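Read through the structure below, which is laid out as structure tokens, and then see the notes.
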Amino acid sequence: SDIFTFDNLLMHSESLIEKDDCQKLLDYLKVPAKESKDIIESDAPFACLVQDLREAGKVSFDDIHHLMKACSEKGLSKLVAALTVYQQAQDSKFAKNVTKGQLKALEDKRQELSHKLSESEDEKQQLTRKLKTTEEERQQFEKTLKATEEERQQLTGRLKTTEEERQQLTGRLKTTEEERQQFKDTLKATEEAKQQLTGRLKTTEEERQQFKDTLKATEEDRQQLTGRLKTTEEEKQQLTRRLKTTEEEREQLTGRLKTTEEEREQFKDTLKATEKIDNS
Numbered sequence: 065s066d067i068f069t070f071d072n073l074l075m076h077s078e079s080l081i082e083k084d085d086c087q088k089l090l091d092y093l094k095v096p097a098k099e100s101k102d103i104i105e106s107d108a109p110f111a112c113l114v115q116d117l118r119e120a121g122k123v124s125f126d127d128i129h130h131l132m133k134a135c136s137e138k139g140l141s142k143l144v145a146a147l148t149v150y151q152q153a154q155d156s157k158f159a160k161n162v163t164k165g166q167l168k169a170l171e172d173k174r175q176e177l178s179h180k181l182s183e184s185e186d187e188k189q190q191l192t193r194k195l196k197t198t199e200e201e202r203q204q205f206e207k208t209l210k211a212t213e214e215e216r217q218q219l220t221g222r223l224k225t226t227e228e229e230r231q232q233l234t235g236r237l238k239t240t241e242e243e244r245q246q247f248k249d250t251l252k253a254t255e256e257a258k259q260q261l262t263g264r265l266k267t268t269e270e271e272r273q274q275f276k277d278t279l280k281a282t283e284e285d286r287q288q289l290t291g292r293l294k295t296t297e298e299e300k301q302q303l304t305r306r307l308k309t310t311e312e313e314r315e316q317l318t319g320r321l322k323t324t325e326e327e328r329e330q331f332k333d334t335l336k337a338t339e340k341i342d343n344s
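Start counting the sequence shown at 65; every next residue gets the next number (this note's numbering).
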């Protein structure tokens, strides 16, 4: 009959196959990704799939074995049965010689395919449950990821604070190093001043010893002059003048000696202060 055509079959086959099943056929038949996406998004995915297979030379009005094999291996028993009936209707010889045994065998085949379809439905439900479990795990992972991101941001903030503190400590360390260098320079200058004062003290001590020697010699001279004064008044007067001069020199020496003693005390104080700084 002209009513039972392949195009009519395609038109009514959309109710026998869902988009998920159509996607299985697309994957099985290795339809390119772009064409596969366009087919799935169309209003009649199965009809578009067959049209694509027609253009590829895989399905014709007279030969649909390739499509039947794909539907059979994917467990689409209802569609396989419909295609089988169509194929049988096109073969007039086969239609005339159909026997009850062959019809029974066909029914057995249909039931077998229906059983496979039922098993496929069970697998689908199992996969649905697994998908639900996977979705719950994904949500848990998202929550964990969100918590991890918050912790990362907190750690980033703490790291930024630590870096600022490190820079502050670096600045303080630089200032401390500059102060230490200044202390070293001051200590060096103090040490040089101490050495200079030590040299001056040594020189003063030598001068003092010379003054003592000179004073001793002067005293000896005075005694000699005193003896000579007994001999002559003129020598006495000369001795008196020399003695007066010597007395003035002695006072000067005493003054200088007193000044030297004060400088020595000052030097001791300075040396003591320097030792305190060294100990610090």
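We put the beta carbon where it would ideally sit given N, CA and C, even for glycine.
None of the values given here were measured: they were computed from a predicted structure.
Three-way DSSP call (helix, strand, coil) for residue i in this model
| i | result |
| --- | --- |
| Asp277 | helix |
| Ser182 | helix |
| Thr267 | helix |
| Ser136 | helix |
| Glu82 | coil |
| Glu227 | helix |
| Glu339 | helix |
| Pro109 | helix |
| Thr198 | helix |
| Lys94 | coil |
| Gly121 | coil |
| Thr296 | coil |
| Ser100 | helix |
Minimum Cβ-Cβ distance from residue i to chain D less than 9 Å
| i | result |
| --- | --- |
| Asp285 | Protein chain content of the structure displayed is limited to a single chain, and chain D is not contained in it. |
Sub-9 Å separation of residue i and residue j beta-carbons
| i | j | result |
| --- | --- | --- |
| Leu81 | Leu90 | The identity of residue 81 in the sequence shown is Ile, whereas the question assumes Leu. Not in contact: Ile81 and Leu90 (Cβ atoms no closer than 9 Å). |
| Thr282 | Arg320 | no |
| Arg328 | Thr268 | yes |
| Arg286 | Leu307 | yes |
| Arg272 | Thr324 | yes |
| Lys258 | Thr338 | yes |
| Leu181 | Lys133 | no |
| Phe331 | Leu251 | no |
| Thr148 | Lys188 | no |
Neighbourhood of residue i by C-beta distance below 7 Å, restricted to the same chain and skipping five residues each side
| i | result |
| --- | --- |
| Ala253 | none |
| Leu317 | Phe275 and Leu279 |
| Ser184 | Gly139 |
| Lys157 | Because Lys157 carries a pLDDT of 44, less than 50, the predicted location of this residue cannot be relied on, and the following value inherits that uncertainty. Nothing listed; no residue qualifies. |
| Ile67 | Because Ile67 carries a pLDDT of 49, less than 50, the predicted location of this residue cannot be relied on, and the following value inherits that uncertainty. Contacts found: none. |
Residue i classed as buried or exposed, judged by whether at least 16 other C-beta atoms fall within 10 angstroms
| i | result |
| --- | --- |
| Ser100 | buried |
| Lys207 | exposed |
| Pro109 | buried |
| Asp116 | buried |
| Lys224 | exposed |
| Leu113 | buried |
| Lys88 | buried |
| Asp85 | buried |
| Leu195 | exposed |
| Leu233 | exposed |
| Leu303 | buried |
Residues of its chain near residue i, where Cβ-Cβ distance is below 6 Å and the 5 sequence neighbours each way are ignored
| i | result |
| --- | --- |
| Ser65 | Summary for Ser65: the model assigns pLDDT 42, below 50, so the residue's position carries little reliability, and this model does not support an answer. |
Own chain residues within Cβ distance below 8 Å of residue i, not counting five before or after
| i | result |
| --- | --- |
| Glu137 | Tyr92 |
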